Structures are given as structure tokens and as C-alpha cells.
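Below is one structure, written out as C-alpha cells; the observations come after it.
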């Protein structure tokens, strides 16, 4: 009996539970892996059937945006229920095309899609909502270009087995421009002053047509109305009222033109027999100026870290002066920076205006909300797959455990940009996360590394090197440690050079930069052979000496450099260089010419057959101040370098001179940062001592590819070659 009871228990354990899930199957998927779908659902084998969970699973699969349809089928089996998720995948977008789009480019559209996070791209699942959003964005972009009546329709074409091609059919319509802007009610300021305050919409004219500001757009007009209101507020008219502008559209007849230059430039030849009717916008802006107000009392409340006098000084508002809204706003920005240096990153000023109508004064009460003072808890970096964390961290001027200083953090980002290891790092690349419970912040800095290695093979013809071919290798971040190494091998008909250099920016983890370089160059100036194809050693005597001046100069040596930061963005440096230079003549004319130069300078440095080898020992102290944002392509900041090269004297060698050099560079962004203005100035002077003269190769020469075009290399200097037209035939032989 006991054995039978055990057998029956085992038998009943094999019978399926009615609501037990025996299997979960995925059907209908072709592109999305089954494992991916199962990972996103909560219905699992062995679970008891729960229809609420299944409904949530269906919603989850729809939210993935991979499927047009999701349904669930159930099937009973001896082992339990089989749950089948039957999906219908969305077609894949194979191509996106634009038909009739002329006023904006495809790249501009794609950039706007990325900015607005449309999510529509090639090889992505087709989503009707995304396509409709794309239509709206294209219409908005065309409206900004003055195409207010543009229509955009997305058309799809099925591509078997499960793909689609999207074509945006665009009808831009006529361009709607602003013909006239009238301003009414203004007495204090002229129409011209108020129109100048408008930055986005201008009356039609040559300049406004070129810049595209003659096109009407409702949002742009609203922004310009705000600018007019701010213009009045900056001049004390805090109660100035700008009424809702009246916009009227009128038809106008214009001549079609035969464009001389591709649009959007307006120049062309009018065609008198080809007229067209277009819409023109006429805008009327009504102004109520009211009274001008001055600054009254300025009170400060809620401040603890700084005194009221310090805050009032930074605000820049003095009682009795004309009230200026922009000045107040800049004062708040200065206050935010000041509080940021003390860790008050959530500082908020709240101004309250109290207008004294009788005295026409604006009494201000600045309510300061300092919030908490934050300390740095943790600084983490991401995106630096090669660069070591310590290379980044040593440029960070904010330390963990210390008060967070926003000014030092901004300087830290500038120092990182000066390294040249990363793409430009912006303030938004750093996520500063305050703790909700503690007065601490975590900082996560995202960087994107540049290519650190450069291998080049070049060749060509230049004014300096003649015909040349070269191979180079350089890295500015060797093994991710921030070290710089470069090798250059180059040979040519005029010039050849071989250079190896290495720089360690942090010696023994201290901010002492050290480096060295080895170099060897040879320059062959054989003008007669280059121009005439003749052997310079056998040139006929009838050819003038000045046309037979040819020489070969060899230069080899090494240098050692070191520098140390004196202050932020300032470095003191010292360079020692040892080099030997020898110049040999290629014909008697050269020897005779340079012998004459030496005689004039009362120094016999010419020997028979070749010039004396010059042994130069140089020591160059330097000072550098640099706030530029990039070592390669800076867009803002300035840099100054001053150096004094001292050669000879107690250092030894047979060359003795000194050369001070000063260089200044400045960069200023313009056009909202899209362009930059740059300037560079160099001042240098060389002077010998100890009754010697400066070797000719150390003097200043200009001319060639990089200096003054139209003059050959080394043809402009205190010593010049004078050429004349001669018969190159030997007069003795005819």
C-alpha cells in the first residue's frame, strides 16, 4: 500500500497545471532577433499565466518602435500553455530623398533632424509619427527662409520584402519678403534707431537680401519686438509698451531677372517682358514710450557670503543714473560667477522693481537665494580610451574634497583644450550633479579623443625646398601619457632635413616640461643650374659673377628644452642648443663674392675652397603667455612669446650674437562663433658682439612661399643679389 501511494504521487506530479506556461514563442520576426524580444518581455516559461503581465508585454514591444502590430495567441499542450507573441515588423527605411527642395540643403535638414531628435534616418524602422514630425520641421525651416506657404508631403514606396523609400515632395512656393516696416508713436527715438534694434527682420534691400533678413517669419518678428522693448528698457523707459504689430500682405508686380550670380544673391538682368506677382509684407509697429526712469535705492536681502556693498558694486547700478536693464542683467551674470567661485552653484537673484511715479525712479530690491555651498565629491572621465586619467586630472584645477569653484573649472576646460588631445571640450560636456541630500557634487566629464598619430608621405615642388619628397611620423599623445614625439625625413633638390624630437610634459609627475631634438639639414642653392641647366663649375667667364653665386650649407646639432609654469597660462622656458654649420662654395664666383662681404665686415671667415665651419652654442630664455583654446586651430584667446637668444660668449663656439624676439597672436570669434579674426605680429633684432659679424645664414631673409610672393627665396635682405640680363655664351669661343 505504501509503494502504491508513492507511485500515484509521482504520476500526478507529471500532469500539467492548467495555467502553467510551458513555452514562450516569437513568430513573425525577420530582422529583430528572438532573444531581443524575449529579453524585453516579462512572460517566462514556468510562470503562471497572468494576463496583466501579457498586456504590459504587448505595450513594451510597441514602445520599442520596431513593430506595426503585436498580438498574443495561446495554445494548449500536454505540458501546459504555449504563449505565442506574433509580431509584424515595421519596414526599414532604405532611402530618404527630397524633391523640390532648393532654399535649404539636405545637410541642413539632417542637422535639424538631429537637433530636434526626430529619429528618422536610413536603415531605421519606418515610423509614421516621425515622418509627420519631419514634415513639420521642413516647413518651419522653409518658413524661416521666407517660404511661408510651402507644402511638404512625404510619399512612400514599398521595396520588397519589407522596406520602404521615403520621398519628401516639397513645393516651396513664392518667397515672401518684407517690403516696409512702419513704426508709429515713437518720439524719443527715431525709426532708424528702432529698426537698427531689430536684428532678425529688415526691410528689403541689397544687404538684407544677401543675409536673408528680408524674409518674414512670425517668431522672428516676435523676437525683434522683444528687442525693441529691451532697447527702451536700456534707456530708462521701463514702462514702454510695444503693441501687437499689424501685418498686412499686399500683392506686388515685379520683373523676373536673369541671374548673373547663383541665388541667393540678388543681382541679375531684369527681363521687362517677364512680370510676376508676388506677396509683400507690410509691418506696422505701434509704440507707447511713457516716461524715462532713473535708478533709485538698491537694496540687497538674503546675502550672507558677500556684503551688500560688494553686490551693489558688481551690479553696476548707481543711484541717479538712467536705468539700464542690460546692465542689470550683466550684473547678475557677474554675481553668478562670483558666487560660483565659492561653491554656490544654485545661486539665484530675484529682482523686485518698485516704480516711484512722482520722482520717476526705479527702486530695486535684490533678493539673494544663495542655497547651499557645494564641495567636490568625485571627478570622473569618459571617452578617453587612450589618454590616461592622470593626464586629464593634472590639468584640472578643481580638487576632490575642496569647494567647487566654477571659475577654476572653466579654466580647467581651457587647459584641456590647449593640449590638443581632444575635440573641443565645451561646458555642456561636463555634467555637474549636485547631491539631493548632501552639499556635494559629482562631475562627469565626457571627452572625444582626436587621432593622436599622424603618418605623412609628401612630395612636390616649393620655392624653399625645390623638388622634394618626404616621410613623417608624429604623435602628440604617445601611449596616452601626453608625450610628444616626431620624426621627419625629407630630401629634395634644394633642401633635405632629418629631425627627431621628443617632449615629456610632466617630468616625474611635476609640471616641468622637458624635451630634446636632433636635427640635420642641408641646403643647396644652385640657381645657375636650376635656371639654365648648366654646370656651375664650368660657367663661362662672360657670365657675370652675380649670376654664378651658388653655395651649399649643412647644419646639424641638437637642443635641450625645459619650461616651468610661472602662473596660470604663463611659462618660463630655457633652451640650450649646440649646432655646427658649414657652407661650401660651388664655384670661384661664390668664393669671391663672399670674400668681398667678409672684407667689408673686416672679418676673414672665408677659407680657400669652403667657408669656415661655424660652431654655435646657444642659450635662450623665454617667457610665454597663452590663453588660446587650441594649439592647432585656435578661435579665441591670445598668446605672447618673448625670447632672448644668446650665442657664444661664455658658452663657447666661434659665433657670437644675441637676438631678442617678440611674437603676439590674437584671435577673436565673430559671426556668433562661426568665424574668427586673427592677427600676428613678430618683432626681432640680431646684433653681434666681440668685434664679430652675424653669419649671413643667421640674418633676416624674406621671400618665397611663406613670406612675400613674387620674390624668390632669400632674395629680400640687407644683402641682396643683383641680377642682369647677359649673353650666356662664352665670349672666347662664341
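In the numbering used here, the protein residues as written are 41 to 774. Cβ atoms here follow ideal geometry from the backbone N, Cα and C, with glycine treated the same way. Fair warning: this is a prediction, and the values are worked out from it, not measured in the lab.
Coarse secondary structure for residue 167, derived from DSSP in three states:
The residue given as residue 167 occupies position 127 in the chain shown. In this structure, residue 167 counts as coil in the three-state DSSP scheme.
Does the distance from the C-beta atom of residue 403 to that of residue 390 stay below 7 angstroms?
In the chain shown, the residue the question calls residue 403 occupies position 363. In the chain shown, the residue the question calls residue 390 occupies position 350. Not closer than 7 angstroms, so no.
- Whole beta strand (DSSP E) runs in the region 369–431 with 3 or more residues, listed along the chain? 388–396, 401–409, 415–422
Check this for me: beta carbons of residue 206 and residue 133, under 7 angstroms apart or not? The residue you call residue 206 lines up with position 166 of the chain shown. The residue you call residue 133 lines up with position 93 of the chain shown. Their beta carbons are under 7 angstroms apart, which means residue 206 touches residue 133 by this criterion.
Taking DSSP as the reference, what is the three-state secondary structure of residue 500?
By one-based count along the chain shown, residue 500 stands at place 460. Three-state DSSP puts residue 500 in a strand.
What residue range is occupied by the uninterrupted beta strand (DSSP E) comprising residue 457?
Here residue 457 corresponds to residue number 417 of the chain shown, with the count starting at 1. Run containing residue 457: none in the beta strand (DSSP E); it sits in the alpha helix (DSSP H), 446–459.
Which residues does DSSP list as the beta-bridge partners of residue 350? Sequence index remark: in the chain shown, residue 350 carries index 310 (1-based). In DSSP, residue 350 forms no bridge with anything.
Open item on the list: Let's see if you can read the secondary structure: which residues bound the beta strand (DSSP E) around residue 663?
Closed with: Reading the chain shown from its first residue, position 623 is the one you call residue 663. Residue 663 -> beta strand (DSSP E) spans 654–666.
* In three-state terms, what does DSSP make of residue 91? -> The residue you call residue 91 lines up with position 51 of the chain shown. In this structure, residue 91 counts as helix in the three-state DSSP scheme.
Whole angstroms are fine: how far does the CA of residue 695 sit from the CA of residue 729? What you label residue 729 is simply residue 689 of the chain shown in a count that begins at 1. What you label residue 695 is simply residue 655 of the chain shown in a count that begins at 1. Between residue 729 and residue 695, the C-alpha separation is close to 9 angstroms.
So, with DSSP's three-state summary, where would you put residue 149? For the purposes of this step, residue 149 is taken as residue 109 along the chain shown, with counting starting at 1. In this structure, residue 149 counts as helix in the three-state DSSP scheme.
Inset, instruction - Check the DSSP bridge columns for residue 198 and list the partner residues they point to. - result: Position 158 of the chain shown, counted from the start, is the residue given in the question as residue 198. DSSP lists 204 as partners of residue 198.
Closest by C-alpha distance to residue 362, when choosing among 273, 668, 513, 373
Your numbering for residue 362 matches position 322 in the chain shown. Checking every option, the nearest Cα to that of residue 362 belongs to 273.
Quiz item: Taking C-beta to C-beta, are residue 210 and residue 141 nearer than 7 angstroms?
Solution: Within the chain shown, the letter at position 170 stands for residue 210. Within the chain shown, the letter at position 101 stands for residue 141. Going by C-beta atoms, residue 210 is nearer than 7 angstroms to residue 141.
Whole-angstrom C-beta distance between residue 352 and residue 338, which should lie under 8 angstroms:
Numbered from its first residue, the chain shown carries residue 338 at position 298. Numbered from its first residue, the chain shown carries residue 352 at position 312. The pair is a contact, with the Cβ atoms about 5 angstroms apart (cut-off 8 angstroms).
Nonlocal neighbours in the same chain, by C-beta distance under 6 angstroms from residue 600, ignoring five residues either side | In the chain shown, the residue the question calls residue 600 occupies position 560. Excluding sequence neighbours, residue 600 sits near 556, 616.
Whole alpha helix (DSSP H) elements within the region 62–90, 4-residue minimum = 74–79
Counting only the same chain and skipping the five closest in sequence on each side, list residues whose C-beta sits under 6 angstroms from that of residue 356. To locate residue 356, count along the chain shown from 1; it is residue 316. Excluding sequence neighbours, residue 356 sits near 367, 371.
Roughly how far, in whole angstroms, is the beta-carbon of residue 623 from the beta-carbon of residue 737, given that I think they are within contact range, below 8 angstroms? Along the chain shown, one-based indexing puts residue 623 at 583. Along the chain shown, one-based indexing puts residue 737 at 697. Their Cβ separation, rounded to whole angstroms, is 7 angstroms, which keeps residue 623 and residue 737 in contact under 8 angstroms.
| request: Tell me, to the nearest whole angstrom, how far the beta carbon of residue 423 is from that of residue 487; I am working on the premise that it is less than 8 angstroms. | output: Counting from one through the chain shown, the residue named residue 423 turns up at place 383. Counting from one through the chain shown, the residue named residue 487 turns up at place 447. With a Cβ gap of about 4 angstroms, residue 423 and residue 487 count as contacting.
Considering only the alpha carbon of each residue, which of 263, 241, 262, 261 lies closest to residue 253?
Taking the first residue of the chain shown as position 1, residue 253 is located at position 213. That would be 241, whose Cα lies nearest to the Cα of residue 253.
* Which same chain residues, not among the five before or five after residue 545, have their C-beta less than 6 angstroms away from its C-beta? -> By 1-based counting over the chain shown, the position of residue 545 is 505. 522, 553.
| message | Using C-beta distances below 6 angstroms, list every residue in its chain close to residue 263, excluding the 5 sequence neighbours before and after it, in chain order. | response | Position 223 of the chain shown, counting from 1, holds the residue named residue 263. Around residue 263: 240.
(Q) Assuming the contact rule is C-beta atoms closer than 8 angstroms, residue 460 and residue 671 should be a hit. Round their C-beta distance to whole Å, please. (A) Taking the chain shown and counting its residues from 1, one reaches residue 460 at position 420. Taking the chain shown and counting its residues from 1, one reaches residue 671 at position 631. Yes, residue 460 and residue 671 are in contact; Cβ-Cβ is about 4 angstroms, under 8 angstroms.
Using DSSP with H/G/I as helix, E/B as strand and the rest coil, what is residue 546? By 1-based counting over the chain shown, the position of residue 546 is 506. Looking at residue 546 - three-state DSSP - the assignment turns out to be coil, as it is neither helix nor strand.
- [ ] Please classify residue 645: is it buried, with 16 or more other beta-carbons within 10 angstroms of its beta-carbon, or exposed?
- [x] On the chain shown, residue 645 is found 605 positions in, with the first residue counted as 1. Confidence at residue 645 is low in this model, with a pLDDT of 42, below 50, so its placement is unreliable and the value that follows should be read with caution. Buried is the call here.
query: With distances taken between CB atoms, is the gap from residue 83 to residue 93 smaller than 7 angstroms?
result: Here the question's residue 83 lines up with position 43 in the chain shown. Here the question's residue 93 lines up with position 53 in the chain shown. Yes.
Work out the CA separation of residue 400 and residue 180 for me, nearest whole Å.
Start at 1 with the first residue of the chain shown, and residue 180 comes out as number 140. Start at 1 with the first residue of the chain shown, and residue 400 comes out as number 360. Taking the straight line joining both Cα atoms gives about 44 angstroms.
Review point. Going by alpha carbons, who is nearest to residue 135 out of 75, 144, 162?
Key: Here residue 135 refers to the residue found at position 95 when the chain shown is read from its first residue. Residue 135 has its Cα closest to that of 162, out of 75, 144, 162.
Same chain only: Cβ atoms within 7 angstroms of residue 344, ignoring 5 sequence neighbours per side
Position 304 of the chain shown, counting from 1, holds the residue named residue 344. So the list reads 410, once near-sequence residues are dropped.
Closest by C-alpha distance to residue 285, when choosing among 275, 249, 323, 317: The residue you call residue 285 lines up with position 245 of the chain shown. Taking only the C-alpha atoms, the option nearest residue 285 is 323.
**Prompt:** If we ignore side chains and look at the alpha-carbon of each, how far apart do residue 456 and residue 607 end up?
**Reply:** For this step, residue 456 is matched to residue 416 along the chain shown. For this step, residue 607 is matched to residue 567 along the chain shown. Roughly 16 angstroms between the two C-alpha positions.
| query | The beta strand (DSSP E) spanning residue 137 covers which residue range? | reply | Along the chain shown, read from residue 1 onward, the residue named residue 137 stands at position 97. Residue 137 -> beta strand (DSSP E) spans 132–139.
When you compare the CB positions of residue 560 and residue 526, do they come within less than 7 angstroms of one another, or not?
As a first step, residue 560 must be located in the chain shown, where it is residue number 520. As a first step, residue 526 must be located in the chain shown, where it is residue number 486. Contact flag unset, no.
So, using beta-carbon positions, are residue 68 and residue 110 closer together than 7 angstroms?
Reading the chain shown from its first residue, position 28 is the one you call residue 68. Reading the chain shown from its first residue, position 70 is the one you call residue 110. For residue 68 and residue 110, no; Cβs fall outside 7 angstroms.
message: Using CA atoms only, rank isn't needed, just tell me which of 214, 215, 235 is closest to residue 224.
response: Here residue 224 corresponds to residue number 184 of the chain shown, with the count starting at 1. Per the Cα distances, 235.
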